[in-house]
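Peer 1: Numbering (my numbering), first residue to last: 5 to 368. Ideal Cβ placement from N, Cα and C applies to all residues, glycine included. Would you mind keeping the following structure in view while I ask a few things?
In structure tokens form, the structure reads like this:
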């Protein structure tokens with residue numbers, strides 16, 4: 005009898021140890037490993053700076069505490085790292101991406117984007133609200149309402165497909181403000197061009213605005229903020245920013261200067277863009293076919309990081325603005341919703357993008 009008990013106890017202990025050993029192995033895949041995170045941002049760019057602050061805490065919270073190496077792969081309009089991850093990266097869980105995604109490129113069948121977001125496992129999403137600012141010098145725009153009478157205005161931007169550029173260009177068309185589009189200027193270049201009087205307005209993430217523009221140009225009266233672009237919920241409702249109190253949303257600004265609700269194809273396109281990118285402009289995915297257990301570990305690290313007060317404090321200090329996150333469920337829902345865009349919005353965007361290289365000035 006006692007012998008039987010000892011045998012049963014021994015079997016139970018052995019089983020327990022085996023299960024525990026399996027659990028440790030599963031949880032510690034990243035122990036001693038190097039996790040490569042690729043981004044389309046240049047060193048010092050928005051996604052790059054955000055990612056480098058994150059990395060310190062991701063290392064802490066991903067089971068196994070891997071060494072994280074950030075690899076910058078700018079070029080091809082930000083699509084280079086996406087195509088690399090989708091087409092060539094091993095699905096061993098050791099290479100993931102954190103970069104601005106391009107749902108507009110997906111629905112308009114951009115030739116430069118070959119990655120399929122729906123076939124890559126989603127890890128996390130983050131966002132800084134976008135906003136536009138304008139110089140007070142040279143065009144007589146001393147108040148944001150004076151934008152409506154501005155003449156010969158020059159809009160500095162990066163490229164026609166840029167979410168930043170699309171946001172302000174659609175808004176200006178919606179407001180009926182003529183402009184000349186000057187592409188080839190990323191946010192730092194547009195900032196310098198605006199300071200030099202080469203362009204009059206541009207659009208950036210609120211983090212860039214708080215860190216660079218507000219400190220150097222707003223306080224001296226050389227620039228005023230125009231409006232920000234609110235996120236849109238899955239049911240089509242606008243979601244006002246909880247962080248921005250010193251400027252109106254484009255929706256509120258439009259209602260003030262026009263006296264009515266915004267409507268029409270430009271508004272429909274802008275709302276859709278703010279649905280798919282207003283909640284998460286930066287996204288993190290794994291390579292297609294990556295082991296779900298490894299993705300679960302990466303999600304664990306991401307979720308614990310974004311809840312860490314120390315991370316949020318350091319991020320705010322370095323980046324200059326609060327960062328918002330989406331849950332995995334929310335992020336996956338947004339990714340899945342992209343292909344359900346109304347055909348008329350796709351048609352409008354394709355036509356709008358073709359006309360992005362030049363904009364006519366208002367006649368004097």
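With distances taken from CA atoms, which of 96, 345, 140 and 304 is nearest residue 331?
Peer 2: Measuring from the Cα of residue 331, the nearest candidate turns out to be 304.
Peer 1: Per DSSP, what kind of secondary structure is residue 139 in: helix, strand or coil?
Peer 2: strand
Peer 1: Use the C-beta contact count for residue 73: other C-beta atoms within 10 angstroms, 16 or more gives buried, fewer gives exposed.
Peer 2: exposed
Peer 1: If you drop the 5 nearest sequence neighbours on each side, which residues of the same chain put their C-beta closer than 7 Å to that of residue 312?
Peer 2: 61
Peer 1: Put residue 150 into one of helix, strand or coil per three-state DSSP.
Peer 2: Residue state, collapsed to three classes: helix.
Peer 1: What three-state label does DSSP hand residue 184 in the structure shown?
Peer 2: strand
Peer 1: Cβ atoms of residue 110 and residue 342: under 7 Å apart, would you say?
Peer 2: One thing to note: residue 342 has its Cβ within 7 Å of the Cβ of residue 110.
Peer 1: Terminal residues of the continuous beta strand (DSSP E) containing residue 74?
Peer 2: Counting along the chain, the beta strand (DSSP E) containing residue 74 begins and ends at 71-76.
Peer 1: So, residue 124 versus residue 292, is the Cβ gap smaller than 7 Å?
Peer 2: yes
Peer 1: Tell me which residue opens and which closes the alpha helix (DSSP H) that residue 351 is part of.
Peer 2: Counting along the chain, the alpha helix (DSSP H) containing residue 351 begins and ends at 347-358.
Peer 1: Kindly indicate which three-state DSSP category residue 313 falls into: helix, strand or coil?
Peer 2: helix
Peer 1: Per DSSP, which residues does residue 329 bridge with? Please list them.
Peer 2: Per DSSP, 130.
Peer 1: By a C-beta neighbour count over all protein chains shown, 10 Å radius and 16 as the cutoff for buried, is residue 158 buried or exposed?
Peer 2: With 16 or more Cβ atoms within 10 Å of its Cβ, residue 158 is classed as buried.
Peer 1: Report yes or no: do three or more beta-carbon pairs, one from the stretch 307-325 and one from the stretch 149-158, lie closer than 8 Å?
Peer 2: By the C-beta criterion, the stretch 307-325 is judged not to be in contact with the stretch 149-158, since fewer than 3 inter-stretch pairs fall below 8 Å.
Peer 1: What residues are listed by DSSP as bridge partners for residue 40?
Peer 2: 73 and 99
Peer 1: At 4 residues or longer, and completely inside the stretch 236-288: list those alpha helix (DSSP H) runs for me, N to C.
Peer 2: 254-262 and 269-280
Peer 1: Where residue 96 and residue 215 are concerned, what is the direct C-alpha to C-alpha distance, given to the nearest angstrom?
Peer 2: 37 Å
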